[in-house]
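For reference, the structure is listed below as structure tokens.
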Amino acid sequence: MENKMLQVIVTGLFLYLCITWVLRSLTINRRYRDLYVVITGCDSGFGKELAYRLDRFALWGIVNNAGISGALAFSDILTRNIWIEIFDVNLFGMAEMTKQVRPLLRKSKGRYSNTSSVAGRLGSGFLPYPVSKFAVEGYSDCLEVKLTKCLLV
130 MENKMLQVIV
140 TGLFLYLCIT
150 WVLRSLTINR
160 RYRDLYVVIT
170 GCDSGFGKEL
180 AYRLDRFALW
190 GIVNNAGISG
200 ALAFSDILTR
210 NIWIEIFDVN
220 LFGMAEMTKQ
230 VRPLLRKSKG
240 RYSNTSSVAG
250 RLGSGFLPYP
260 VSKFAVEGYS
270 DCLEVKLTKC
280 LLV
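Each residue of the sequence shown is one higher than the one before, counting from 130 in this note's numbering.
Pasting the structure below:
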């Protein structure tokens with residue numbers, strides 16, 4: 130009787146170790162343990178939720194999420210400074226962050242993700258937010274072609 134009990138315990142332990150080994154082998158290789166994800170604009174909303182979700186996984190890359198809506202107004206009352214402020218965050222900040230991490234993305238074969246908006250596909254009368262998001266869409270399309278070529282080398 131004791132022999133059968135010991136046999137059941139050993140078999141259970143063996144199955145537990147086998148299942149654990151299989152599950153670990155399905156996860157990302159451990160050599161990537163020290164790789165990180167940079168998320169811009171993660172103090173609230175989508176960026177914050179994404180940071181919590183990515184913290185559970187061993188992912189690496191950049192998520193350009195920072196963005197501001199700025200003054201939502203018609204073009205006849207907007208100043209140049211308002212346009213510059215919104216484009217500085219929504220487009221130029223994204224481009225600069227991507228440029229800074231590009232060598233690391235190439236080295237680690239990491240990924241990038243640019244957060245845009247439905248306003249980047251469907252224009253509205255309120256400017257300059259949708260215009261900046263159209264620019265993000267165009268930048269991302271061009272970057273995808275260039276980075277894909279760079280990452281495959």
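The beta-carbon is built from N, C-alpha and C at its ideal position, and this holds for glycine as well.
Taking C-alpha atoms, which residue in the options lies nearest to residue i?
i	options	result
R240	V137, G141, I168, S253	I168
N76	E266, M134, F143	Absent from the model: residue 76. The displayed extent of the chain is 130 to 282, so no value can be given.
G245	M226, L188, V260, L234	Going by the sequence as given, residue 245 is Ser instead of Gly. For the residues M226, L188, V260, L234, the minimum Cα distance to S245 belongs to V260.
D270	L233, G252, A224, V230	A224
I191	L146, F143, A264, R235	R235
G252	I206, N243, A264	A264
I213	Y165, G199, F175	G199
N243	S237, P232, K262	K262
F216	E131, Y268, L135	Y268
Go to residue i, then tell me how far its beta strand (DSSP E) extends in each direction, as first and last residue.
i	result
R240	240-243
My assumption, with CB atoms under 8 Å, is that residue i sits in contact with residue j. Please give the rounded CB distance.
i	j	result
F203	G254	6 Å
V166	L188	5 Å
T227	L183	About 18 Å separates the two Cβ atoms, so there is no contact after all.
Should residue i and residue j be called a contact, given that it needs their Cβ atoms to be closer than 8 Å?
i	j	result
P257	L207	yes
G170	G141	no
What residue range is occupied by the uninterrupted alpha helix (DSSP H) comprising residue i?
i	result
A248	No alpha helix (DSSP H) holds A248; DSSP gives it neither H nor E.
P232	223-237
The ligand NAD and residue i: does any heavy atom of the ligand fall closer than 7 Å to the residue's C-beta?
i	result
N132	Among the components modelled here there is no ligand, and therefore nothing to report on the ligand NAD.
Contained alpha helix (DSSP H) runs [length at least 4] in the region 163-219, N- to C-terminal order = 174-183, 209-216
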